[in-house]
Structure formats: structure tokens, C-alpha cells
Amino acid sequence: MYPFHWVPSASARHASEDPRPEGTFVYPTGTEVSTLCGLTEQSADNSELAWFWPTCETCYEKARKIADSLTT
Ligand SMILES: [Zn+2]
Numbered sequence: 134m135y136p137f138h139w140v141p142s143a144s145a146r147h148a149s150e151d152p153r154p155e156g157t158f159v160y161p162t163g164t165e166v167s168t169l170c171g172l173t174e175q176s177a178d179n180s181e182l183a184w185f186w187p188t189c190e191t192c193y194e195k196a197r198k199i200a201d202s203l204t205t
């Protein structure tokens with residue numbers, strides 16, 4: 134398992150290292166998250182459409198580095 138999770142917020146899909154609420158596999162809509170690209174107190178949007186938002190480039194790069202460091 135990677136130590137980050139994808140979370141749609143502010144019109145893009147970001148990655149966050151915040152723990153998710155116990156017993157859930159997503160950040161429920163309205164959850165305040167910090168993202169790998171440095172945003173804080175972002176409100177998660179778990180609506181179906183939000184998952185079609187483009188991936189945040191900065192989060193993608195950072196998430197990829199984290200994933201790389203785990204597999205090498
Ligand atoms: Zn981001």
C-alpha cells in the first residue's frame with residue numbers, strides 16, 4: 134500500500150498523505166485534506182464527476198517519486 138491516496142479537490146485530482154477516516158477507502162466529500170503539491174485545508178469532493186478531473190501534475194510527480202522509492 135502506498136502512503137498516499139488520490140483525492141479530487143479544487144478541480145483536479147490530487148494526492149494526499151492524510152489518513153482517511155477509519156473504515157473508509159476514500160476521503161468523503163467535505164473532508165479537509167492537505168495535498169502533496171502543498172495545498173492545505175482543501176475540501177475533498179467525492180462526487181462521481183470529480184474523479185474525471187485532470188490529475189494535478191505536481192502531485193503526480195511527487196506520488197511517483199514516493200512509489201519509486203518504495204519499490205527500489
Ligand atoms: Zn496537487
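Numbering-wise (the working numbering), the sequence shown opens with residue 134 and increments by one.
From the three backbone atoms N, C-alpha and C, an ideal C-beta is built for every residue, glycine too.
Because the structure is a prediction, the values reported are computed rather than measured.
Spatial neighbours of residue i within its chain, please: CB distance less than 6 Å, with the 5 preceding and 5 following residues excluded, ordered by chain position.
i: K195; result: L169
Within 8 Å of any Cβ in chain D, is that where the Cβ of residue i sits?
i: G156; result: Checking the listed chains, one finds no chain D in this structure; it contains a single protein chain.
So, residue i versus residue j, is the Cβ gap smaller than 8 Å?
i: A177; j: T162; result: yes
i: Y135; j: A200; result: yes
i: T188; j: A145; result: yes
i: N179; j: P141; result: yes
For residue i, which residues from the same chain have a beta carbon less than 7 Å from its beta carbon, with the 5 sequence-adjacent residues on both sides left out?
i: F137; result: A148, S149, E150, L169, A196 and I199
Just curious, the beta strand (DSSP E) that residue i is in, first and last residue?
i: A145; result: A145 to S149
i: P206; result: With the chain running from 134 to 205 in the structure shown, residue 206 is simply not present.
Checklist entry - Could you give the uninterrupted runs of the alpha helix (DSSP H) lying entirely in the region 179 to 205, keeping only those of 4 residues or more? => result 190 to 204
With a cut-off of 7 Å, give the chain-ordered residues whose Cβ is closer than this to any heavy atom of ligand 1. Taken from the N-terminal end onward, the list reads A145, H147, A148, T168, L169, C170, L172, C189, T191 and C192.
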